[in-house]
Amino acid sequence: MKDWGLREVEPGTTILDLLREIGGKLAKEALAAKIDGKVIDLNTPVYNDLELAVLTFDDPEGMQVYRHTASHVLAQAVKNLYGNVRLGIGPAIRDGYYYDFDFDRPISPEELTKIEEQMRLIIKEDLPLERIELDREEAIGLFSEMGEKYKVELVEGLDESSTISCYRQGDFIDLCAGPHLPSTGKLKAIKLLNLAGAYWRGDERRPMLQRIYGTAFPKAKQLEEYLQRLEEAKKRDHRRLGRELDLFSFREEGPGFPFFHPKGIIIRRELENFWREEHRKAGYLEIETPVILNRQLWEQSGHWDHYQENMYFTKIDEQDYAIKPMNCPGAMLIYKSGMYSYRDLPLRLAEMGLVHRHEKSGTLHGLMRVRSFTQDDAHIFMLPEQIEDEVAGVIDLVNHFYDVFGFKYLVELSTRPEKSMGSDEMWEKATAALHNVLIKKGIPYTINEGDGAFYGPKIDFHLQDSLGRTWQCGTIQLDFQMPEKFDLHYIAADGQKHRPAMIHRVVYGAMERFIALLIEHYAGAFPLWLSPVQVSVIPITERQHEYAAGISKRLQKDSIRVELDNRNEKVGYKIREAQVKKVPYMLIVGDREAADGTVSLRQREKGDLGPVLLENFIEKIKNEIQQKTK
RNA sequence: GCUCACGUAGCUCAGGAGGCAGAGCGUAUCCUUGGUAAGGAUAAGGCCACCGGUUCGAAUCCGGUCGUGAGCUCCA
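Heads up: the first sequence is residues 9 to 638, going by the working numbering.
(1) Rounded to the nearest angstrom, how far is the Cβ of Ile220 from that of Leu82, given a contact under 8 Å?
(2) With a CB to CB cut of under 7 Å and the five nearest residues on each side skipped, what residues in its chain are close to Leu89?
(3) Would you decide whether His364 is buried or exposed? Buried here means 16 or more other CB atoms lie within 10 Å of its CB.
(4) Per DSSP, Pro136 is paired with what?
(5) Could you give the distance in angstroms between the alpha-carbon of Leu643 and the alpha-carbon of Met490?
(6) Can you tell me whether Lys46 is helix, strand or coil according to DSSP?
(7) Does Leu421 pass the burial test, meaning 16 or more other C-beta atoms within 10 Å, or should it be called exposed?
(8) Could you check what DSSP says for Arg507 in three-state terms: helix, strand or coil?
(9) Which residue marks the beginning of the beta strand (DSSP E) containing Lys199, and which one marks its end?
(10) How big is the Cα-Cα spacing for Asp108 and Gln587?
(11) Okay, do the stretch 265–280 and the stretch 216–232 touch, 3+ Cβ pairs below 8 Å being the bar?
(12) Hey, out of Leu24, Trp537, Glu326 and Lys578, whose CA is closest to Gln635's CA?
(13) Which stretch, first to last residue, makes up the alpha helix (DSSP H) that contains Pro354?
(14) Identify, in the order they occur along the chain, each residue of the same chain with its Cβ nearer than 6 Å to the Cβ of Leu446, setting aside the five sequence neighbours on each side.
(15) Helix, strand or coil for Met9 per DSSP?
(16) Flag this pair as yes or no: are the beta carbons of Ile511 and His246 separated by less than 8 Å?
(17) Gly291 by DSSP, collapsed to three states: which one?
(18) Between Tyr320 and Ala330, is the Cβ-Cβ spacing less than 8 Å?
(19) At which residues does the alpha helix (DSSP H) containing Arg113 begin and terminate?
(20) Please state whether DSSP places His470 in a helix, a strand or coil.
(21) Return the residue from the list Gly186, Met360 and Asp616 that minimises the CA-CA distance to Tyr593.
(22) Taking the alpha-carbon positions, what's the Tyr175 to Gln72 distance?
(23) Mapping DSSP to helix, strand and coil, what is Leu39?
(24) Give every residue of the same chain whose Cβ lies closer than 6 Å to the Cβ of Lys159, excluding the five residues on either side of it in the sequence, and list them in chain order.
(25) Going by the beta-carbon positions, is the gap between Leu418 and Arg521 smaller than 8 Å?
(26) Work out the CA separation of Tyr105 and Lys630 for me, nearest whole Å.
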């Protein structure tokens, strides 16, 4: 923030006037101001001494004000075009803004163009935004008269004592805390992006409104760049790359049930191998539990009461069974099959468990959200005093894994949900334990109130997809319930039975989701160790087919995943294809290479690297695979 | 599950006032044997998602079902 020194002005001068007086680009670029940490309108008059910071589009708060005003312009445009429409809410969000409308008749996406044109007219008029403060009764009266029932509801929900503010631009007035741009003319590059449904106040029992999403930038170039980024993100979409790279598919015969193709399975198995290795090192033992288990077990675990709508059922010999939606009850039974001393704890039982959940049809999303998936699960049974160490250990493990892939993640601590089991005391104890570890480790996190599992609070690790949407992957869930329900115990030093504590945890989360995120993260160009095809051998003419086949066999002998492209095509064509399929290494062999036992090496990112001896290449690639570096 | 939109060849998509189904990529065969991101020719490939209605006649119009997309709700 620049320092413009001290200024003295007539009382009542607005901040905008003040900035104009200072001159330069300031007045033009300013969007809002900040006084004592509070963001305010540039139209605010100044009466006392104060320290002022100017917000531009480069400040997140400035950007928010800019887009929030754009949402008001959107609402005004819609009001102008469709007289009979009730307004919902219209905030600024990441990358833009939206506004919710209750139309008499749903509008179609084509109409967005028309609305956008109307918005441009409003911007051109350069209408000043005026802040109006009223009391509760006045506000309710005003919005009732306008037939804005949602606004009336909002006002009624506001604190008795709070001042209610509205913003007016031309003949459009909206309930709003502000702040806003001084006038609509400040808006430059605007664009409406899409149309979707959204429940009023996010409640599925309430009416569904139509939400219009848009964005706005001060410069046309910025808007173009943003749209360009969206296009680029679409190219990284795992559903598209999954098809192009022949990794997996979905069919109408099994909505939400993915089919993994040979190339997709390679990635999956590599991830599993890595997982097994790291878990062995971290002191886990691997187990496997059945997919179908008796109803009585699910009643005992609480799933029958708390998770039924997400479960699939079947009958065997007239008996009710359920397809497991979680692996925990199975792990409980394994624990129960033996006797444990306190010296045996912590006992870490890991399971690549295939679970099925009946997710609502509208929530399915490629591999990110499916109805059958494999969790890289583990249940840690431990002494109460081992809880914090074990939670910390899992956090370290998650950290290590995500580091290998170069993922940045967001951490959330989720607390007790409404639908849950156990005493308040248990919940408090468990939540405090998770909280402590996060504090001790200095991990930044946000609290997600009421979003815990029905049996305990949890720490979640979220990863971002190509469009910046976040997906929960790793999770650590503390559970005092299951050990209770299943009457688990261990023999302590006092020779008596005691109750162990338990952690449910996953690192990848679900293999399917994690693979989806990896695809988007790498844009399909997997690091060598994960690449379904690591090397493509490309003979230039038929004369080298034999030599090329020998190379291919030689690589295969060392478990290198190689494809021999001896199709009747030119080198350029074959190289292009290997490049499009994101194969890390291409070995081009012509007469020269065949004569001196070399290969011409081409790397996916670096291009032609010239000839190398085959054995040297093999040594290099084996080393790189082992290192798991790019 | 809800709102809106969409469903035509393996993929990307044209077409459609109701009257014999189209392109590019990919695939197959042939020609070409070419040195670092697309050589040429020919051919195969479709119950226009499914079920019903309107009509002499439906890929096209109408209704329903299923699936997909964006978002909401819900969650790894």
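Backbone N, C-alpha and C fix where the C-beta goes; we use that ideal spot for every residue, glycine too.
Here the structure is a predicted model, which is why all the values come from computation and not from measurement.
Reading from the atomic positions:
(1) 6 Å
(2) Lys122, Ile123 and Gln126
(3) buried
(4) Ser191
(5) Absent from the structure is residue 643, since the part of the chain shown begins at 9 and ends at 638.
(6) strand
(7) buried
(8) coil
(9) Ala197 to Tyr207
(10) 45 Å
(11) no
(12) Trp537
(13) That residue, Pro354, is in no alpha helix (DSSP H); it is neither H nor E in DSSP.
(14) Tyr453
(15) Confidence is the limiting factor: at Met9 the pLDDT is only 48, short of 50, which leaves the residue's position unreliable and the question unanswerable from this model.
(16) no
(17) coil
(18) yes
(19) Neither: Arg113 is in no alpha helix (DSSP H) and is coded neither H nor E.
(20) strand
(21) Asp616
(22) 16 Å
(23) coil
(24) Phe151 and Leu183
(25) no
(26) 50 Å
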